[in-house]
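So for the sequence shown, UniProt numbering puts the first residue at 1; every next one is plus one.
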Amino acid sequence: METSAVEEIADKMVDSVRELVERKMEVGLVRRAFRDLESIVKKQKDWFGDNEYELIKALLQRLYVIKGMTMESKMVLWRINVFVERGLADLAEVEPDGEID
Numbered sequence: 001m002e003t004s005a006v007e008e009i010a011d012k013m014v015d016s017v018r019e020l021v022e023r024k025m026e027v028g029l030v031r032r033a034f035r036d037l038e039s040i041v042k043k044q045k046d047w048f049g050d051n052e053y054e055l056i057k058a059l060l061q062r063l064y065v066i067k068g069m070t071m072e073s074k075m076v077l078w079r080i081n082v083f084v085e086r087g088l089a090d091l092a093e094v095e096p097d098g099e100i101d
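Here it is, written out as structure tokens:
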């Protein structure tokens, strides 16, 4: 998938979440989607590289600053971010020189 296509998908995701939060529809749908994202990140961690972790991290940062989001939703995003940070640290330990074996 091209970078622009990935960015477009991320933009649409953030816009959709923002709209749901503004409409006060966040509680069920958005929080469930965040939990699904958390599950996917944890289950796919063995397949993630720097690019995937950086993509998720950037997406989390954009989602976290949406105004009006409940603290419960932000906590799910925070948990995902902690997992992503650990994944990035683990990758740095495995490949400290940044080269792929």
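Note that CB positions come from ideal geometry on N, CA and C, so glycine has one too.
Pick from the options: whose alpha carbon is nearest that of residue i?
| i | options | result |
| --- | --- | --- |
| Glu22 | Leu63, Glu52 and Leu37 | Leu63 |
| Glu93 | Gly49, Met75, Met69 and Ile66 | Gly49 |
| Gln61 | Ile80, Lys45, Trp47 and Glu72 | Ile80 |
| Trp47 | Leu88, Leu29 and Ser4 | Leu88 |
| Val30 | Val6, Ser73 and Lys45 | Ser73 |
| Lys67 | Arg32, Ala5 and Asp15 | Asp15 |
| Val17 | Leu91, Ser39 and Arg32 | Arg32 |
| Glu7 | Val65, Asn51, Leu37 and Gly28 | Asn51 |
Could you give the C-beta distance for residue i and residue j, rounded to a whole number, given that I count them as a contact under 8 Å?
| i | j | result |
| --- | --- | --- |
| Lys42 | Phe83 | 6 Å |
| Leu59 | Met13 | 7 Å |
Skipping 5 residues on each side, what residues in its chain have a beta carbon closer than 8 Å to that of residue i?
| i | result |
| --- | --- |
| Ala10 | Leu55, Ala58, Leu59 and Arg62 |
| Lys45 | Phe83 and Gly87 |
Among residues of its own chain, excluding the 5 on either side of residue i, which ones have a beta-carbon nearer than 7 Å to its beta-carbon?
| i | result |
| --- | --- |
| Phe34 | Ser73, Val76 and Leu77 |
| Glu26 | Leu20, Met69, Thr70 and Ser73 |
Among residues of its own chain, excluding the 5 on either side of residue i, which ones have a beta-carbon nearer than 6 Å to its beta-carbon?
| i | result |
| --- | --- |
| Tyr53 | Val84, Gly87 and Leu88 |
Alpha helix (DSSP H) segments (min. 4 residues) lying fully within the UniProt domain "DUF577" (2 to 49)
Runs found: 3 to 22 and 31 to 43.
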